[in-house]
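Single-structure report; data block below.
Residue numbers (full-length UniProt numbering): 1 to 284.
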């Protein structure tokens with residue numbers, strides 16, 4: 001069915017006059033008459049009768065009008081929706097983040113939702129290494145990550161995070177003394193590969209050694225164990241956003257303390273919603 005013919009039918013029924021309907025449709029009156037005649041021929045029905053008061057719907061026309069209006073309205077809605085999708089006003093975006101962006105990522109999500117309230121968004125805590133894989137496959141649209149090692153992903157730096165020493169109490173002990181006194185708490189390799197690599201690089205480059213290492217599942221567990229006096233930890237400075245006030249957090253000295261943090265995405269995959277999100281962040 002030609003949608004143009006249905007629009008002509010609905011408009012003529014609304015105006016009740018060929019001249020006014022033709023003007024509203026931006027066509028000539030003869031062109032409108034041809035469209036109505038063609039539709040009537042296709043349906044094998046007379047939809048209008050001409051009278052002194054213009055074009056009047058026949059009984060058949062009255063019976064079909066509501067269905068025609070639904071189709072026309074649905075087509076208008078589709079066109080409007082398509083325009084919003086093309087502009088990135090409607091759609092979906094999945095975002096990953098890590099501890100370094102525990103504060104930054106949710107704030108960016110909140111700001112984006114204010115500008116694009118119709119966008120459905122998810123935010124999930126995912127290790128950077130896993131985010132790289134999800135970004136490459138397209139399962140994740142944007143990742144707040146450490147600088148990615150893969151050339152296939154685009155990366156925009158936001159800030160630098162750095163290691164801090166987290167201890168049960170504030171004392172004059174040096175990092176070396178703490179490591180000799182209590183175990184170094186760290187994440188399992190599968191959960192914190194990037195952070196562990198940074199810690200190892202820091203320790204090795206500053207000739208420090210942790211004789212006792214205890215691995216756990218998540219940052220919250222590390223913090224709880226430090227509070228209990230079971231160990232110490234080297235964590236990103238961003239941990240200050242979630243650490244209990246009783247913990248002692250201080251910056252260690254030495255080399256290889258910091259690393260770039262930013263957003264990564266797969267530019268090989270076209271995504272207008274993602275591009276709007278990135279534009280908002282990079283323009284800040």
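Beta carbons are placed, not taken as given, at the ideal position from N, Cα and C, and that holds for glycine.
Could you give the DSSP three-state label for residue i: helix, strand or coil?
| i | result |
| --- | --- |
| residue 126 | coil |
| residue 56 | strand |
| residue 89 | coil |
| residue 274 | helix |
| residue 110 | helix |
| residue 191 | coil |
| residue 222 | helix |
| residue 51 | strand |
| residue 231 | coil |
| residue 242 | coil |
| residue 10 | helix |
| residue 267 | coil |
| residue 147 | coil |
At the level of alpha carbons, what is the spacing between residue i and residue j?
| i | j | result |
| --- | --- | --- |
| residue 213 | residue 99 | 21 angstroms |
| residue 23 | residue 35 | 14 angstroms |
| residue 74 | residue 117 | 22 angstroms |
| residue 47 | residue 37 | 9 angstroms |
| residue 259 | residue 203 | 15 angstroms |
Can the beta-carbon of residue i be found less than 7 angstroms from the beta-carbon of residue j?
| i | j | result |
| --- | --- | --- |
| residue 256 | residue 205 | yes |
| residue 72 | residue 7 | yes |
| residue 241 | residue 103 | yes |
| residue 65 | residue 21 | no |
| residue 273 | residue 91 | yes |
| residue 262 | residue 106 | no |
| residue 147 | residue 155 | yes |
| residue 140 | residue 96 | yes |
Residue i: buried (16+ other C-beta within 10 angstroms of its C-beta) or exposed?
| i | result |
| --- | --- |
| residue 186 | buried |
| residue 26 | exposed |
| residue 78 | exposed |
| residue 11 | buried |
| residue 128 | buried |
| residue 135 | buried |
| residue 269 | exposed |
| residue 101 | buried |
message: Does the structure place the segment 226–234 close enough to the segment 167–183 that three or more beta carbon pairs sit under 8 angstroms?
response: Yes, they touch.
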